[in-house]
Amino acid sequence: MPKSNGMNKIKGFMVSNIVPIVFIIVCMIGVAFSGSAPSIIMMDVISRFSRNAFLVISLIIPILTGLGLNFGIVLGAMAGQISLLIVCVAGMNGLSAVIAASALSVPLAVFLGWLTGKLLNNTKGSEMITSMILGFFASGVYQFLLLFVWGGIIPIDAPGIMLDSGIGVRSAVNLNNLKYAIDNIWKMDIFTAGIIFSLIFLIINAVKLLKRTDKTKVRTVVNIAVFAAIFVICFWASHADACKKMKALCQIPMVTFGLIALLCMFVPAFLKTKLGQDMRAVGQDMKVASVAGIDVDKTRIIATCISTVLASFGQIIFLQNLGNMSTYSAHENVGMFSAAALLIGGASVSKATVGQAIMGTILFHVLFNVSPMAGKNIFGSAELGEYFRVFIAYGIIAVTLALYAWKKTVQAREKNKVQ
Amino acid sequence: MEQLKKNIKAIGLPRIIIVAFLFVLIILAVVQQQNMGTLASDVLVRFGMNMVLSLAMLPAVMAGTGMNYGLPVGLLCGILGGLVSIEIGFRGGVGLVMAMVIAIPLAIAAGYLYGKLINAVQGDEMMVGTYVGYAVVSLMCMGWLILPFKDPAMIWPIGGSGSGLRSTITLSDNYDGILNNLFAFEIGGVTVPTGLILFGLIACGLVYLFSRSKTGICLKAVGDNPRFAVASGISVKKSRMIGTILSTVLGAVGIIVYAQSFGFYQLYNAPLNMAFPPVAAVLLGGATGRVCKISHVILGTFLFQALLTIALPVANQLMPEGGLSEVIRIVVSNGIILYALTQSGGEGDA
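Quick look at the structure:
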């Protein structure tokens, strides 16, 4: 019965993607009730996506290594912020400042990632709570460093950045000198950008298809169909009158998006290398991996390091887009919001893909954008919408964690029964 | 040398560091000529107002669910009870008692639901508890906006009813400090908040009596060795449920006591991270994720609160600008929890 088979397939698809499907519906309701023009929402979502995608993707590798949601990316964000402050103190400007900060943040983030990895190796089984508490702890150390050591012990002469007393960094630092340094290199309207990106991916997939690995053939064909559709839609929209406003308003920062696209290709490619496969093996079962001759502890540390470095880049991209930095709180919610975005995309504590990260980032930020207005229009209170989006962020993490833990206990119980 | 190492291990490295740090702070306070009488009074007040909150960790640990990171569930029940009691119009001592009377059934109900969840996620209570706590706090943020409270002292003046509760609800013409001032006396410049500390000690005594009862012993058996408990015919799930409910109830009572001493109920995001200081305090007192005694609660709360209370004026005088005391608070409380996590070797024990 081919028909019922098809129905089952659809049902299976629905069940395995229930989270993003629910959130697509919630987002649609929000968009409908927010009363904002689609082009305005789109504009905001593009800029939010461009500044958050990197951070969200940085969570994937630790998840596959079995470390769960790495709330320790907060440390990476701190590394990024410290590097940005250093280049600002050095008086650098524009793109060179951003590149210098990124270069500077690598050793710092590797060091912090190494420490995090060491700590997580000492707390196997409760990595997530450890990385979360570590984030809080590091936040205190970071405050101490920037409030008292900077200027207090290390003399720093930078009036715009330091407090008037000369000791400690201001709580809000203006980053106008490097605002949009990456974003403004090359900007295009959304449809032209869509055409360019879909063309690139069409070519990549076509090459893949020609190589003919039968296993991935179906996927590649699906990909080609999707990108072809995007290509056609963008081509049509860029000439349609109805989309003129959107074309004018929604500018895509091509370099930032290019970097995100590169990262999206890097992560799966990396997972196919020897090291990536080791990470997956460790994520599946540490004991088996260890017996197979994999240095489990080292692999876990490398995974945390990569994640921390990516997060530090992510935070630099984030801040160059924002153009100012609240020195002592910009990093605080990075872990929580990134984790929530990833989970909304349909990821779990042990499984995550780049696609889920992208999907989740878009959905989460659409929700973030429309909640206040939707709250105002439905319940007469914008505050309610603001609390609602925070609730969604915490709630989705709580539900995912609970479901994951529940599955684990059920499996353990069944295992016991068999024995 | 070996003996010294052993002793250090027995007392615990963080406790040694913290106690040494506390001594340094006291010496600094003396050198800075701080008013020691006021400082000591403040320490006693902070100790008393946090004792019940720390005590809330005990039943949870006893029943084997580890530290109750989902404490905000109980805190919210307590706050809700307090607000309802004000709304009805109870004032003074009656108001305080009624707040608890209203809060406790709420906490039992919430604790029951939370306990169901905790039983389903055995082994991951910490992380699930933390985020359930966060989620419930943000859910109640919406609740504070919607709930139909009418008392003009509690809602924002503009917009009339339905515009939501204020972010802090003052108790100044109500039961502010009513326990603190009960039987309070002064010795050598130190005001002793007898009623407050007595309340905390009575609560500790009740929990102690409970732990000696048949139910309490069952709970302890489950916490010590679940397999053995099952073999002796004790229901693990039921015991864990009782521990969680009790912890939630203590959290609810704890926040009411806290608020009467503090002078305010703090709504919205205030309870978000309020589970961590009690956890840190109890760990500092010598508890682990598996063992927690009344002595740990009392000692830990005292040390922890003494440290924070004395650090505030001392740090402010050392560094008039910036929040050095805040930094100390963050580093100390999270440092203690981190250390405990590493000590448990990641068995999910802290």
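Top line first, the protein sequences correspond to chains A and B.
Under our numbering, the first residue of the first sequence is numbered 5, with each subsequent residue one higher.
Under our numbering, the first residue of the second sequence is numbered 65, with each subsequent residue one higher.
Backbone N, C-alpha and C define an ideal beta-carbon position, used for all residues, glycine too.
Quick check: residue i and residue j, are their CB atoms within less than 7 Å of each other?
i: glycine 39 (chain A); j: asparagine 325 (chain A); result: no
i: alanine 339 (chain B); j: glycine 197 (chain B); result: yes
i: isoleucine 348 (chain A); j: glycine 359 (chain A); result: no
i: isoleucine 401 (chain B); j: alanine 316 (chain B); result: no
i: asparagine 74 (chain A); j: leucine 63 (chain A); result: yes
i: alanine 402 (chain A); j: glycine 80 (chain A); result: no
i: leucine 59 (chain A); j: glycine 327 (chain A); result: no
i: glycine 72 (chain A); j: threonine 120 (chain A); result: no
i: glycine 350 (chain A); j: valine 23 (chain A); result: yes
i: threonine 312 (chain A); j: alanine 113 (chain A); result: yes
i: methionine 115 (chain B); j: threonine 373 (chain B); result: no
i: glycine 84 (chain A); j: serine 109 (chain A); result: yes
i: alanine 127 (chain B); j: serine 303 (chain B); result: yes
i: proline 257 (chain B); j: valine 109 (chain B); result: yes
i: isoleucine 65 (chain A); j: alanine 307 (chain A); result: yes
At 8 Å on the CB atoms, spell out the chain A contacts of residue i, in chain order.
i: isoleucine 394 (chain B); result: Phe140, Phe141, Ser143, Gly144 and Gln147
i: tyrosine 34 (chain B); result: The question about residue 34 (chain B) has no answer here: the residues shown for chain B are numbered 65 through 414.
i: cysteine 205 (chain B); result: Tyr391, Val394 and Phe395
i: threonine 232 (chain B); result: What threonine 232 (chain B) touches in chain A: nothing, since even the nearest Cβ is about 16 Å away.
By the criterion of Cβ-Cβ separation under 7 Å, what are the contact partners of residue i in chain B?
i: arginine 170 (chain A); result: In the sequence as displayed, the identity of residue 170 (chain A) is glycine instead of arginine. Simply none; closest approach about 10 Å.
i: tryptophan 410 (chain A); result: Ala184 and Val185
i: serine 316 (chain A); result: Neighbours of serine 316 (chain A) on chain B: none; closest Cβ ~21 Å, over 7 Å.
i: threonine 303 (chain A); result: Chain B residues near threonine 303 (chain A): none, gap ~16 Å exceeds 7 Å.
i: serine 385 (chain A); result: Leu209
What does DSSP give as the partner residues of residue i in its beta bridges?
i: tyrosine 329 (chain B); result: B:Ile233
i: asparagine 328 (chain A); result: A:Asn178
i: isoleucine 77 (chain A); result: DSSP output for isoleucine 77 (chain A) lists no bridge partner at all.
i: glutamine 154 (chain A); result: Rather than glutamine, the amino acid found at residue 154 (chain A) in this sequence is tryptophan. Tryptophan 154 (chain A) is bridged to A:Ile158.
i: lysine 1 (chain A); result: One cannot answer for residue 1 (chain A) here, as it falls past the ends of chain A, which runs 5 to 423.
i: threonine 255 (chain B); result: B:Glu250
i: isoleucine 219 (chain B); result: B:Leu229
i: valine 110 (chain A); result: Its beta-bridge partners do not exist; DSSP assigns none.
i: valine 173 (chain A); result: A:Met166
For the beta strand (DSSP E) that contains residue i, what are its first and last residues?
i: alanine 176 (chain A); result: 176-178
i: proline 257 (chain A); result: 255-257
Could you give the residue range of the alpha helix (DSSP H) that holds residue i?
i: asparagine 181 (chain A); result: Segment: none, asparagine 181 (chain A) is in no alpha helix (DSSP H) and carries neither H nor E.
i: glutamate 131 (chain A); result: 131-148
i: histidine 243 (chain A); result: From DSSP, histidine 243 (chain A) is part of no alpha helix (DSSP H); its letter is neither H nor E.
i: valine 372 (chain A); result: It should be noted that the sequence gives phenylalanine, not valine, for residue 372 (chain A). That run of the alpha helix (DSSP H) goes 358-383.
i: asparagine 245 (chain B); result: 242-245
i: isoleucine 298 (chain B); result: Premise fails: isoleucine 298 (chain B) is in no alpha helix (DSSP H) and is neither H nor E.
i: leucine 63 (chain A); result: From DSSP, leucine 63 (chain A) is part of no alpha helix (DSSP H); its letter is neither H nor E.
i: proline 212 (chain B); result: Per DSSP, proline 212 (chain B) belongs to no alpha helix (DSSP H) and is neither H nor E.
i: methionine 338 (chain B); result: Segment: none, methionine 338 (chain B) is in no alpha helix (DSSP H) and carries neither H nor E.
i: glutamine 98 (chain B); result: No alpha helix (DSSP H) contains glutamine 98 (chain B), which DSSP labels as neither H nor E.
i: asparagine 380 (chain B); result: 358-382
i: valine 185 (chain B); result: Careful: valine 185 (chain B) lies outside any alpha helix (DSSP H) and carries neither H nor E.
i: glutamate 390 (chain B); result: 388-407
Run down chain A in chain order and give the residues with a C-beta less than 7 Å from the C-beta of residue i.
i: asparagine 398 (chain B); result: Ile137, Phe140, Phe141 and Gly144
i: methionine 191 (chain B); result: Met132, Ile133 and Leu405
i: methionine 383 (chain B); result: Phe152
i: tyrosine 195 (chain B); result: Tyr398, Ile401, Ala402 and Leu405
i: alanine 199 (chain B); result: Phe395, Tyr398, Gly399 and Ala402
i: serine 202 (chain B); result: Tyr391, Val394, Phe395 and Tyr398
i: isoleucine 401 (chain B); result: Ile137
In chain B, what lies closer than 9 Å to residue i by C-beta?
i: threonine 365 (chain A); result: Going along chain B, no residue has its Cβ under 9 Å from threonine 365 (chain A), so there is no contact; the nearest lies around 20 Å.
Residue i versus chain B: which residues are under 8 Å apart at the beta carbon?
i: threonine 413 (chain A); result: Ala184, Val185, Gln186 and Gly187
i: leucine 59 (chain A); result: None at all; the shortest Cβ gap to chain B is about 19 Å.
List the residues of chain A whose Cβ lies closer than 9 Å to the Cβ of residue i, in chain order.
i: valine 391 (chain B); result: Gly144, Val145, Gln147, Phe148, Leu151 and Phe152
i: leucine 406 (chain B); result: Looking at the sequence shown, residue 406 (chain B) is not leucine but threonine. Correct list: Leu123, Asn126, Thr127 and Thr134.
Is it a yes or a no for the stretch 198-210 of chain B touching the stretch 332-352 of chain B, going by three-plus beta-carbon pairs under 8 Å?
yes
Three Cβ pairs or more, each shorter than 8 Å: is that satisfied between the stretch 268-285 of chain A and the stretch 39-51 of chain A?
no
Looking at C-beta atoms only, is the number of pairs between the stretch 258-272 of chain B and the stretch 119-133 of chain B that lie closer than 8 Å three or more?
Contact holds between the stretch 258-272 of chain B and the stretch 119-133 of chain B, because three or more Cβ pairs, one in each stretch, are under 8 Å apart.
Counting Cβ pairs, one atom from each stretch, are 3 or more of them under 8 Å apart for the stretch 142-158 of chain B and the stretch 229-241 of chain B?
yes
Measuring CB atoms only, is the stretch 161-176 of chain B touching the stretch 303-322 of chain B, in the sense that at least three cross pairs come out at less than 8 Å?
yes
Quick test of the definition: if touching needs 3 or more C-beta pairs under 8 Å, does the stretch 179-195 of chain A touch the stretch 248-267 of chain A?
yes
Would you be able to state if there are at least three C-beta pairs under 8 Å between the stretch 269-286 of chain B and the stretch 92-99 of chain B?
Remark: fewer than three beta-carbon pairs, one from each stretch, lie closer than 8 Å, so the stretch 92-99 of chain B and the stretch 269-286 of chain B are not flagged as touching.
Three Cβ pairs or more, each shorter than 8 Å: is that satisfied between the stretch 11-21 of chain A and the stretch 145-152 of chain A?
no
Please determine if the stretch 285-292 of chain A and the stretch 202-217 of chain A are in contact, where contact requires at least 3 C-beta pairs separated by less than 8 Å.
no
Does the pairing of the stretch 405-416 of chain A with the stretch 385-392 of chain A give three or more beta-carbon distances under 8 Å?
no
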